[in-house]
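Here is the structure we will look at, set down as C-alpha coordinates.
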Amino acid sequence: QHLAMLSAVLTRGSSKLGRLISSASQSRCGLCTYENVASTAMVYESVFRQSVHNPEEFWAEQASKLSWKTKFNKVLDHRDPVRPRWFTGGELNTAYNCLDRHVEDGFGDQVAVIHDSPVTKSVSRITYAQLLDQVARFAGYLAKEGVKRGDRVLIYMPMVPETMVAMLGAARLGAIHSLVFGGFAAKELATRIAHAKPKVIVCGSCGVEPGRTIDYRAILRDALSLVSGGQHCVDRVVLFQRPGGLPLSDSDPGLDADWAEALASSRKHDAVPIEANEPVYLLYTSGTTGSPKGVVRPSAGHAVALNFSMNALYGLDPGDVWWAASDFGWVVGHSYICYAPLLHRNTTIIYEG
31 QHLAMLSAVL TRGSSKLGRL ISSASQSRCG LCTYENVAST AMVYESVFRQ
81 SVHNPEEFWA EQASKLSWKT KFNKVLDHRD PVRPRWFTGG ELNTAYNCLD
131 RHVEDGFGDQ VAVIHDSPVT KSVSRITYAQ LLDQVARFAG YLAKEGVKRG
181 DRVLIYMPMV PETMVAMLGA ARLGAIHSLV FGGFAAKELA TRIAHAKPKV
231 IVCGSCGVEP GRTIDYRAIL RDALSLVSGG QHCVDRVVLF QRPGGLPLSD
281 SDPGLDADWA EALASSRKHD AVPIEANEPV YLLYTSGTTG SPKGVVRPSA
331 GHAVALNFSM NALYGLDPGD VWWAASDFGW VVGHSYICYA PLLHRNTTII
381 YEG
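Under this note's numbering, the first residue of the sequence shown is numbered 31, with each subsequent residue one higher.
Take a look at the structure:
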(Lines of atoms letter the chains of each structure in order from A; the text may use other names.)
(Lines give C-alpha, C1' and ligand atoms only; values in the text may rest on other atoms or scores of the structure.)
Protein backbone atom coordinates (compact mmCIF):
# COMPACT_ATOMS: atom_id res chain seq x y z
CA GLN A 31 0.00 0.00 0.00
CA HIS A 32 2.90 2.34 0.79
CA LEU A 33 4.39 1.65 -2.65
CA ALA A 34 1.00 2.16 -4.27
CA MET A 35 0.66 5.55 -2.59
CA LEU A 36 4.16 6.49 -3.72
CA SER A 37 3.30 5.57 -7.31
CA ALA A 38 0.19 7.75 -7.04
CA VAL A 39 2.34 10.66 -5.87
CA LEU A 40 4.66 10.12 -8.83
CA THR A 41 1.67 10.07 -11.18
CA ARG A 42 0.28 13.33 -9.84
CA GLY A 43 3.73 14.87 -9.92
CA SER A 44 4.08 14.51 -13.70
CA SER A 45 1.35 17.07 -14.32
CA LYS A 46 3.32 19.63 -12.36
CA LEU A 47 6.56 19.31 -14.31
CA GLY A 48 5.62 21.93 -16.89
CA ARG A 49 4.86 24.54 -14.25
CA LEU A 50 8.04 23.59 -12.37
CA ILE A 51 10.21 23.99 -15.46
CA SER A 52 8.52 27.28 -16.33
CA SER A 53 9.12 28.71 -12.88
CA ALA A 54 12.68 27.38 -12.81
CA SER A 55 13.55 29.15 -16.04
CA GLN A 56 12.84 32.44 -14.26
CA SER A 57 14.69 31.48 -11.06
CA ARG A 58 17.97 32.99 -9.93
CA CYS A 59 18.78 29.88 -7.83
CA GLY A 60 21.86 28.18 -9.28
CA LEU A 61 20.48 24.72 -8.55
CA CYS A 62 17.05 25.43 -9.96
CA THR A 63 17.97 26.19 -13.58
CA TYR A 64 15.93 25.29 -16.61
CA GLU A 65 18.58 22.77 -17.68
CA ASN A 66 18.70 21.04 -14.28
CA VAL A 67 14.94 20.74 -13.96
CA ALA A 68 14.55 19.60 -17.58
CA SER A 69 17.17 16.92 -16.97
CA THR A 70 15.39 15.86 -13.80
CA ALA A 71 12.12 15.71 -15.73
CA MET A 72 13.58 13.34 -18.30
CA VAL A 73 14.98 11.08 -15.59
CA TYR A 74 11.64 11.21 -13.79
CA GLU A 75 9.69 10.17 -16.88
CA SER A 76 12.06 7.26 -17.50
CA VAL A 77 11.83 6.02 -13.91
CA PHE A 78 8.07 6.51 -13.87
CA ARG A 79 7.61 4.47 -17.04
CA GLN A 80 9.66 1.62 -15.61
CA SER A 81 7.61 1.57 -12.40
CA VAL A 82 4.31 1.48 -14.32
CA HIS A 83 5.17 -0.96 -17.11
CA ASN A 84 7.38 -3.34 -15.13
CA PRO A 85 6.43 -2.80 -11.48
CA GLU A 86 7.71 -6.15 -10.21
CA GLU A 87 11.07 -5.80 -11.94
CA PHE A 88 11.32 -2.15 -10.87
CA TRP A 89 10.58 -2.72 -7.16
CA ALA A 90 12.70 -5.88 -7.06
CA GLU A 91 15.66 -3.73 -8.09
CA GLN A 92 14.86 -1.18 -5.36
CA ALA A 93 14.48 -3.98 -2.81
CA SER A 94 17.92 -5.31 -3.70
CA LYS A 95 19.42 -2.15 -2.18
CA LEU A 96 18.42 -3.32 1.30
CA SER A 97 19.77 -6.18 3.38
CA TRP A 98 17.50 -9.26 3.57
CA LYS A 99 17.81 -12.20 5.93
CA THR A 100 15.68 -14.26 3.52
CA LYS A 101 15.12 -13.13 -0.05
CA PHE A 102 11.48 -12.75 -1.08
CA ASN A 103 10.01 -15.25 -3.55
CA LYS A 104 7.42 -12.90 -5.06
CA VAL A 105 7.58 -9.11 -5.43
CA LEU A 106 3.84 -8.41 -5.56
CA ASP A 107 0.97 -10.67 -4.63
CA HIS A 108 -2.21 -8.84 -5.67
CA ARG A 109 -4.71 -11.69 -5.51
CA ASP A 110 -6.48 -9.50 -2.97
CA PRO A 111 -6.64 -6.14 -4.81
CA VAL A 112 -7.64 -4.30 -1.63
CA ARG A 113 -4.69 -5.58 0.41
CA PRO A 114 -1.75 -6.32 -1.89
CA ARG A 115 1.23 -8.05 -0.29
CA TRP A 116 4.75 -6.96 -1.23
CA PHE A 117 7.91 -9.08 -1.17
CA THR A 118 6.16 -12.18 0.15
CA GLY A 119 8.40 -14.82 1.71
CA GLY A 120 11.13 -12.30 2.41
CA GLU A 121 12.47 -11.53 5.87
CA LEU A 122 14.33 -8.41 6.99
CA ASN A 123 14.66 -6.07 9.95
CA THR A 124 14.09 -2.36 9.42
CA ALA A 125 16.31 -1.26 12.33
CA TYR A 126 19.16 -3.40 10.98
CA ASN A 127 18.82 -1.68 7.62
CA CYS A 128 18.75 1.73 9.32
CA LEU A 129 21.89 1.18 11.41
CA ASP A 130 23.85 -2.10 11.38
CA ARG A 131 24.50 -2.32 7.67
CA HIS A 132 25.91 1.23 7.55
CA VAL A 133 28.21 0.57 10.51
CA GLU A 134 29.30 -2.74 8.93
CA ASP A 135 30.07 -0.84 5.72
CA GLY A 136 32.44 1.48 7.60
CA PHE A 137 30.22 4.51 8.24
CA GLY A 138 29.93 4.20 12.02
CA ASP A 139 31.58 7.58 12.58
CA GLN A 140 29.13 9.44 10.34
CA VAL A 141 26.70 11.62 12.26
CA ALA A 142 23.28 9.98 12.16
CA VAL A 143 21.31 12.49 14.25
CA ILE A 144 21.59 16.20 15.04
CA HIS A 145 19.30 17.23 17.89
CA ASP A 146 18.72 20.97 17.66
CA SER A 147 16.69 22.25 20.60
CA PRO A 148 16.39 26.04 20.86
CA VAL A 149 13.85 25.63 23.69
CA THR A 150 16.54 24.00 25.86
CA LYS A 151 19.40 25.92 24.23
CA SER A 152 21.25 22.75 23.29
CA VAL A 153 22.61 20.98 20.22
CA SER A 154 23.94 17.42 20.23
CA ARG A 155 25.15 14.90 17.65
CA ILE A 156 25.02 11.11 17.61
CA THR A 157 26.97 8.92 15.19
CA TYR A 158 25.62 5.80 13.54
CA ALA A 159 27.80 3.63 15.81
CA GLN A 160 26.60 5.43 18.94
CA LEU A 161 22.97 5.21 17.88
CA LEU A 162 23.33 1.50 17.11
CA ASP A 163 24.80 0.90 20.58
CA GLN A 164 21.88 2.63 22.30
CA VAL A 165 19.25 0.93 20.12
CA ALA A 166 20.75 -2.54 20.64
CA ARG A 167 20.88 -2.01 24.42
CA PHE A 168 17.30 -0.74 24.57
CA ALA A 169 16.17 -3.74 22.53
CA GLY A 170 18.00 -5.89 25.06
CA TYR A 171 16.12 -4.21 27.89
CA LEU A 172 12.75 -4.69 26.19
CA ALA A 173 13.59 -8.37 25.72
CA LYS A 174 14.33 -8.66 29.45
CA GLU A 175 10.84 -7.26 30.08
CA GLY A 176 9.37 -10.02 27.96
CA VAL A 177 8.73 -7.99 24.80
CA LYS A 178 8.86 -10.19 21.73
CA ARG A 179 8.02 -10.20 18.05
CA GLY A 180 4.51 -8.85 17.47
CA ASP A 181 4.11 -7.22 20.91
CA ARG A 182 3.26 -3.53 21.09
CA VAL A 183 5.43 -0.83 22.67
CA LEU A 184 3.69 2.53 23.11
CA ILE A 185 5.90 5.64 23.07
CA TYR A 186 4.86 8.98 24.59
CA MET A 187 7.93 11.15 24.19
CA PRO A 188 9.03 14.64 23.11
CA MET A 189 11.29 15.57 20.20
CA VAL A 190 14.50 14.03 21.57
CA PRO A 191 16.87 11.36 20.17
CA GLU A 192 15.70 8.90 22.82
CA THR A 193 12.35 8.78 21.03
CA MET A 194 14.11 7.44 17.96
CA VAL A 195 16.05 4.97 20.12
CA ALA A 196 12.75 3.65 21.50
CA MET A 197 11.24 3.32 18.00
CA LEU A 198 14.24 1.52 16.56
CA GLY A 199 14.72 -0.58 19.70
CA ALA A 200 11.20 -1.96 19.38
CA ALA A 201 11.63 -2.53 15.64
CA ARG A 202 14.91 -4.35 16.31
CA LEU A 203 13.01 -6.98 18.31
CA GLY A 204 10.27 -7.32 15.71
CA ALA A 205 7.90 -5.58 18.13
CA ILE A 206 5.39 -3.00 16.88
CA HIS A 207 5.80 0.53 18.17
CA SER A 208 2.89 2.92 18.52
CA LEU A 209 4.05 6.48 19.01
CA VAL A 210 1.61 9.03 20.40
CA PHE A 211 2.02 12.74 19.74
CA GLY A 212 3.30 14.44 22.89
CA GLY A 213 0.70 17.17 22.64
CA PHE A 214 -2.21 14.79 23.24
CA ALA A 215 -3.98 14.94 26.59
CA ALA A 216 -4.88 12.02 28.88
CA LYS A 217 -8.15 11.08 27.16
CA GLU A 218 -6.57 10.79 23.70
CA LEU A 219 -3.61 8.90 25.13
CA ALA A 220 -5.93 6.52 27.00
CA THR A 221 -7.84 5.70 23.80
CA ARG A 222 -4.64 4.61 22.08
CA ILE A 223 -3.40 2.62 25.08
CA ALA A 224 -6.72 0.77 25.33
CA HIS A 225 -6.67 -0.18 21.65
CA ALA A 226 -2.96 -0.98 21.18
CA LYS A 227 -2.68 -2.95 24.47
CA PRO A 228 1.07 -2.31 24.84
CA LYS A 229 3.29 -4.53 26.95
CA VAL A 230 5.61 -1.61 27.73
CA ILE A 231 5.12 2.17 27.62
CA VAL A 232 8.08 4.51 27.11
CA CYS A 233 7.48 8.00 28.52
CA GLY A 234 9.49 11.20 28.72
CA SER A 235 9.49 13.25 31.90
CA CYS A 236 8.41 16.40 30.09
CA GLY A 237 7.99 18.25 26.86
CA VAL A 238 9.33 21.77 26.50
CA GLU A 239 7.43 24.50 24.69
CA PRO A 240 8.09 28.24 24.59
CA GLY A 241 7.11 29.51 28.03
CA ARG A 242 6.12 26.21 29.63
CA THR A 243 6.98 22.59 30.31
CA ILE A 244 4.45 19.75 30.15
CA ASP A 245 4.66 16.86 32.62
CA TYR A 246 4.26 13.81 30.37
CA ARG A 247 4.38 11.30 33.22
CA ALA A 248 1.48 13.03 35.00
CA ILE A 249 -0.57 12.89 31.78
CA LEU A 250 0.27 9.20 31.40
CA ARG A 251 -0.79 8.57 35.00
CA ASP A 252 -4.15 10.20 34.29
CA ALA A 253 -4.50 8.26 31.04
CA LEU A 254 -3.89 4.91 32.73
CA SER A 255 -6.61 5.73 35.25
CA LEU A 256 -9.07 5.94 32.33
CA VAL A 257 -8.11 2.55 30.89
CA SER A 258 -9.70 -0.67 32.10
CA GLY A 259 -7.31 -2.24 34.59
CA GLY A 260 -5.60 1.06 35.35
CA GLN A 261 -1.83 0.88 35.66
CA HIS A 262 -2.10 -2.92 35.67
CA CYS A 263 -2.95 -2.84 31.96
CA VAL A 264 0.78 -2.44 31.20
CA ASP A 265 3.74 -4.45 32.47
CA ARG A 266 6.26 -1.62 32.64
CA VAL A 267 6.72 2.12 32.10
CA VAL A 268 10.22 3.19 31.10
CA LEU A 269 10.67 6.79 32.25
CA PHE A 270 13.22 9.03 30.54
CA GLN A 271 14.08 11.80 33.02
CA ARG A 272 15.31 14.65 30.84
CA PRO A 273 18.68 16.13 31.81
CA GLY A 274 19.80 19.76 31.74
CA GLY A 275 17.99 21.02 34.81
CA LEU A 276 14.50 20.29 33.48
CA PRO A 277 11.82 19.30 36.01
CA LEU A 278 11.87 15.64 37.03
CA SER A 279 8.65 13.64 37.01
CA ASP A 280 7.41 11.63 39.96
CA SER A 281 7.82 7.95 39.17
CA ASP A 282 5.48 5.16 40.26
CA PRO A 283 7.43 2.58 42.33
CA GLY A 284 6.91 -0.96 41.12
CA LEU A 285 5.83 0.16 37.66
CA ASP A 286 8.45 2.60 36.42
CA ALA A 287 12.00 1.82 35.32
CA ASP A 288 14.60 4.51 34.78
CA TRP A 289 15.71 4.90 31.15
CA ALA A 290 19.40 5.44 31.92
CA GLU A 291 19.55 2.47 34.28
CA ALA A 292 17.69 0.29 31.79
CA LEU A 293 20.26 0.95 29.06
CA ALA A 294 23.26 0.66 31.38
CA SER A 295 22.15 -2.70 32.75
CA SER A 296 21.20 -4.34 29.45
CA ARG A 297 23.13 -6.39 26.94
CA LYS A 298 22.93 -5.61 23.26
CA HIS A 299 20.30 -7.58 21.35
CA ASP A 300 20.66 -8.73 17.76
CA ALA A 301 18.11 -7.67 15.16
CA VAL A 302 15.18 -10.10 14.76
CA PRO A 303 14.14 -10.63 11.11
CA ILE A 304 10.40 -10.50 10.47
CA GLU A 305 8.29 -11.45 7.46
CA ALA A 306 7.97 -8.70 4.89
CA ASN A 307 4.31 -7.98 5.62
CA GLU A 308 4.54 -8.00 9.40
CA PRO A 309 4.08 -4.49 10.87
CA VAL A 310 6.89 -2.19 11.83
CA TYR A 311 4.53 0.28 13.53
CA LEU A 312 0.97 1.19 14.44
CA LEU A 313 0.03 4.87 14.13
CA TYR A 314 -3.37 6.32 14.95
CA THR A 315 -5.21 9.01 13.05
CA SER A 316 -6.16 12.16 14.95
CA GLY A 317 -9.75 11.10 15.57
CA THR A 318 -11.22 14.43 14.45
CA THR A 319 -13.77 12.57 12.29
CA GLY A 320 -14.63 9.93 14.90
CA SER A 321 -12.62 7.33 16.77
CA PRO A 322 -8.88 7.22 15.94
CA LYS A 323 -8.06 4.59 13.33
CA GLY A 324 -4.94 2.48 13.74
CA VAL A 325 -2.83 2.47 10.58
CA VAL A 326 -0.59 -0.58 10.32
CA ARG A 327 2.59 -0.22 8.24
CA PRO A 328 4.04 -3.43 6.74
CA SER A 329 7.80 -3.53 7.18
CA ALA A 330 9.32 -4.35 3.79
CA GLY A 331 7.27 -2.18 1.43
CA HIS A 332 7.72 0.68 3.90
CA ALA A 333 11.51 0.32 3.98
CA VAL A 334 11.95 -0.17 0.23
CA ALA A 335 9.77 2.80 -0.73
CA LEU A 336 11.29 5.19 1.80
CA ASN A 337 14.86 4.30 0.86
CA PHE A 338 13.97 4.83 -2.82
CA SER A 339 12.28 8.16 -2.14
CA MET A 340 15.25 9.94 -0.58
CA ASN A 341 17.13 10.17 -3.86
CA ALA A 342 14.34 9.73 -6.41
CA LEU A 343 11.99 12.33 -4.92
CA TYR A 344 14.29 14.56 -2.88
CA GLY A 345 17.64 14.26 -4.66
CA LEU A 346 19.71 13.35 -1.61
CA ASP A 347 22.86 11.26 -1.69
CA PRO A 348 23.99 9.12 1.25
CA GLY A 349 25.84 11.32 3.75
CA ASP A 350 23.78 14.45 3.03
CA VAL A 351 22.09 16.32 5.89
CA TRP A 352 18.29 16.34 5.90
CA TRP A 353 15.61 18.08 7.94
CA ALA A 354 11.92 17.16 7.92
CA ALA A 355 10.07 19.93 9.78
CA SER A 356 7.55 17.67 11.46
CA ASP A 357 6.98 15.75 14.70
CA PHE A 358 7.59 12.11 15.57
CA GLY A 359 3.90 11.83 16.45
CA TRP A 360 2.81 12.27 12.81
CA VAL A 361 3.42 9.99 9.85
CA VAL A 362 5.87 12.45 8.29
CA GLY A 363 7.94 12.27 11.46
CA HIS A 364 7.93 8.47 11.37
CA SER A 365 8.85 8.33 7.69
CA TYR A 366 11.14 11.30 7.22
CA ILE A 367 12.68 12.14 10.60
CA CYS A 368 13.40 8.56 11.57
CA TYR A 369 13.20 5.85 8.94
CA ALA A 370 13.87 7.22 5.45
CA PRO A 371 17.03 9.25 6.22
CA LEU A 372 18.57 6.44 8.29
CA LEU A 373 17.74 3.81 5.68
CA HIS A 374 19.44 6.00 3.08
CA ARG A 375 22.42 6.83 5.36
CA ASN A 376 21.65 10.51 5.69
CA THR A 377 22.10 12.73 8.73
CA THR A 378 18.66 13.58 10.10
CA ILE A 379 17.83 16.66 12.17
CA ILE A 380 15.49 16.38 15.14
CA TYR A 381 14.26 19.91 15.82
CA GLU A 382 12.63 20.70 19.16
CA GLY A 383 11.03 24.09 19.08
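The C-beta atom is built at its ideal place from N, Cα and C for all residues, glycine as well.
Counting beta carbon pairs with one atom in the region 161 to 172 and one in the region 193 to 210, are three or more of them shorter than 8 Å?
yes
Under 7 Å, do S208 and R182 count as touching if we go by C-beta distance?
Here residue 208 refers to the residue found at position 178 of the sequence shown. Here residue 182 refers to the residue found at position 152 of the sequence shown. It is a contact, given that the beta carbons lie within the stated cut-off.
Can you tell me which of L219, G259, D135, V268 puts its alpha carbon nearest to the alpha carbon of Y171?
Sequence index remark: in the sequence shown, residue 171 carries index 141 (1-based). The residue with the shortest Cα to Cα distance from Y171 is V268.
List the DSSP bridge partners of F270.
The sequence position of residue 270 within the sequence shown is 240, counting from 1. Partner(s): G234.
Do the region 279 to 297 and the region 257 to 271 touch if we need at least three Cβ pairs shorter than 8 Å?
yes
Run of the beta strand (DSSP E) containing L346, from where it starts to where it stops
Position 316 of the sequence shown, counted from the start, is the residue given in the question as residue 346. Premise fails: L346 is in no beta strand (DSSP E) and is neither H nor E.
Considering only their Cβ atoms, is the gap separating A253 from A216 smaller than 7 Å?
On the sequence shown, position 186 is the one that residue 216 refers to. On the sequence shown, position 223 is the one that residue 253 refers to. Yes.
Hey, is the region 152 to 162 in contact with the region 109 to 120, meaning 3+ C-beta pairs nearer than 8 Å?
no
Mind checking whether Y186 and V149 have CB atoms under 7 Å apart?
Residue numbering aside, residue 186 sits at position 156 when the sequence shown is read from its first letter. Residue numbering aside, residue 149 sits at position 119 when the sequence shown is read from its first letter. Contact flag unset, no.
Taking G170 as part of the alpha helix (DSSP H), name the residues at either end of that continuous run.
Here residue 170 refers to the residue found at position 140 of the sequence shown. 158 to 174 is the extent of the alpha helix (DSSP H) around G170.
Rounding to the nearest angstrom, what Cα-Cα distance links P240 and G383 in this structure?
Locating residue 240 in the sequence shown gives position 210, counting from the first residue. Locating residue 383 in the sequence shown gives position 353, counting from the first residue. Straight-line Cα distance between these residues: approximately 7 Å.
To which residues does DSSP link W116 through a beta bridge?
Indexing the sequence shown from 1 puts residue 116 at position 86. Beta-bridge pairing links W116 to L106.
Same chain only: Cβ atoms within 7 Å of V77, ignoring 5 sequence neighbours per side
Taking the first residue of the sequence shown as 1, we reach residue 77 at position 47. A342, listed in sequence order.
Whose C-beta lies closer than 6 Å to the C-beta of L372 among residues of the same chain, with five residues either side of it excluded?
Within the sequence shown, numbered from 1, the residue matching residue 372 stands at position 342. C128, listed in sequence order.
Secondary structure of G28, DSSP reduced to three states:
Any question about residue 28 goes unanswered here, given that the chain covers just 31 to 383.
Can you have a look at S295 and say buried or exposed, based on whether 16 or more other CB atoms are within 10 angstroms of its CB?
One-based indexing of the sequence shown puts residue 295 at position 265. Exposed, since its Cβ has fewer than 16 Cβ neighbours within 10 Å.
Would you kindly check if the distance between the Cβ of P191 and the Cβ of V414 is under 7 Å?
Residue 414 lies beyond the residue range present for the chain, which begins at 31 and ends at 383; the question has no answer from this structure.
Cut-off 6 Å between Cβ atoms - residues of its own chain near A201, not counting five sequence neighbours on either side
Position 171 of the sequence shown, counted from the first residue, corresponds to residue 201. If we look at A201 and ignore the five residues flanking it on each side, its Cβ neighbours are T124, A125, V310.
Report the residue from I206, E291, G212 whose alpha carbon sits nearest the alpha carbon of P28.
Residue numbering for the chain in the displayed model covers 31 to 383; residue 28 lies beyond these limits and cannot be assessed.
Which residues bound the alpha helix (DSSP H) around T193?
Taking the first residue of the sequence shown as 1, we reach residue 193 at position 163. Counting along the chain, the alpha helix (DSSP H) containing T193 begins and ends at 191 to 203.
C-alpha distance - H364 paired with A354, whole-angstrom precision:
Taking the sequence shown and counting its residues from 1, the one referred to as residue 364 is at position 334. Taking the sequence shown and counting its residues from 1, the one referred to as residue 354 is at position 324. Spanning the two alpha carbons is a distance of roughly 10 Å.
I'd like to know if the region 313 to 328 and the region 268 to 282 are in contact, where contact means that at least 3 CB-CB pairs between them fall below 8 Å.
no
Unbroken beta strand (DSSP E) run spanning V141, endpoints
The residue given as residue 141 occupies position 111 in the sequence shown. Residues 141 to 147.
Going by DSSP, what residue range makes up the beta strand (DSSP E) through V183?
As a first step, residue 183 must be located in the sequence shown, where it is residue number 153. Where V183 is concerned, the enclosing beta strand (DSSP E) stretches over 182 to 186.
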